[in-house]
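Per numbering that gives the first Met the number 0, the very first residue in the sequence shown carries number 0; after that it's consecutive.
By construction, the Cβ of each residue, glycine as well, lies at the ideal position given by its N, Cα and C atoms.
Read the structure below first, then the notes.
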Amino acid sequence: MSTSIRPPEGEKVVDWDEALDRVAGSEETLDELVEIFLEQWPQMMDEIEQGVARADFTLLRRAAHTLKGSAAIFGARRVSHVASSLSQMGKNETLDGSDIALRELQDEMDKLVPELERRL
């Protein structure tokens with residue numbers, strides 16, 4: 000069964016209402032999570048890229064799964080979707096389509112990061 004790498008059209012970059020629901024309405028907690036994500040996302044992306052470059056499926060699966068979950072906190076479904084595809088590639092030990100997925104992920108991160116930075 001193949002999964003589409005392209006993120007769903009029409010999804011918000013960030014769903015702030017969903018994000019606030021996840022932290023029981025605490026703006027302070029949400030801001031802390033945004034700060035942590037902004038500090039950690041470059042390493043997650045680097046590990047995903049390394050996983051693909053080295054065909055290190057364990058690293059790819061772990062890093063992509065971490066990014067997927069981290070982005071989901073903010074209702075960032077587009078990033079979560081592409082990261083999930085990459086995580087599945089790691090799980091299935093295949094790199095078919097990984098070049099496209101990496102480009103899609105970078106494109107989505109280029110939208111997500113500024114959106115998160117604006118919150119702070």
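Cutoff 7 Å; reference residue i; Cβ partners in own chain excluding five residues on either side
| i | result |
| --- | --- |
| Ser1 | In this prediction, Ser1 has a pLDDT of 44, which is less than 50 and means its spatial position is unreliable; nothing more can be read from the coordinates. |
| Leu58 | Glu46, Gln49, Gly50 |
| Asp95 | none |
| Ala62 | Met43, Glu46, Ile47, Gly50 |
For residue i, the nearest candidate out of the options (CA to CA)
| i | options | result |
| --- | --- | --- |
| Leu29 | Asp109, Arg61, Ala70 | Ala70 |
| Leu66 | Trp40, Met88, Phe56 | Trp40 |
| Gln42 | Gly89, Met108, Ser84 | Met108 |
| Leu111 | Phe56, Ala54, Arg53, Ile72 | Ile72 |
Residue interval of the alpha helix (DSSP H) (run including residue i)
| i | result |
| --- | --- |
| Glu116 | 97-118 |
| Glu17 | 15-21 |
Residues near residue i in its chain [Cβ-Cβ closer than 6 Å; skip 5 each side]
| i | result |
| --- | --- |
| Phe36 | Ser69 |
| Val22 | Thr28, Leu29 |
| His64 | Ser86 |
| Gln105 | none |
Residue-chain proximity (residue i, chain C), Cβ-Cβ < 7 Å
| i | result |
| --- | --- |
| Ile35 | Looking for chain C here will not work: only one protein chain is present. |
Contacting residues, own chain, Cβ-Cβ under 8 Å from residue i (five flanking each side not counted)
| i | result |
| --- | --- |
| Glu26 | Leu19 |
| Glu34 | Leu119 |
| Ala100 | Ile4, Val81, Ser84, Leu85, Met88 |
Practice task
Any chance you could list the alpha helix (DSSP H) runs of at least 4 consecutive residues sitting entirely within the stretch 38-88, in chain order?
Solution key: Qualifying alpha helix (DSSP H) stretches, in chain order: 56-71.
Practice task
Evaluate contact between the stretch 72-81 and the stretch 7-27, counting only Cβ atoms and requiring at least three cross-stretch pairs below 8 Å.
Solution key: A contact exists between the stretch 72-81 and the stretch 7-27.
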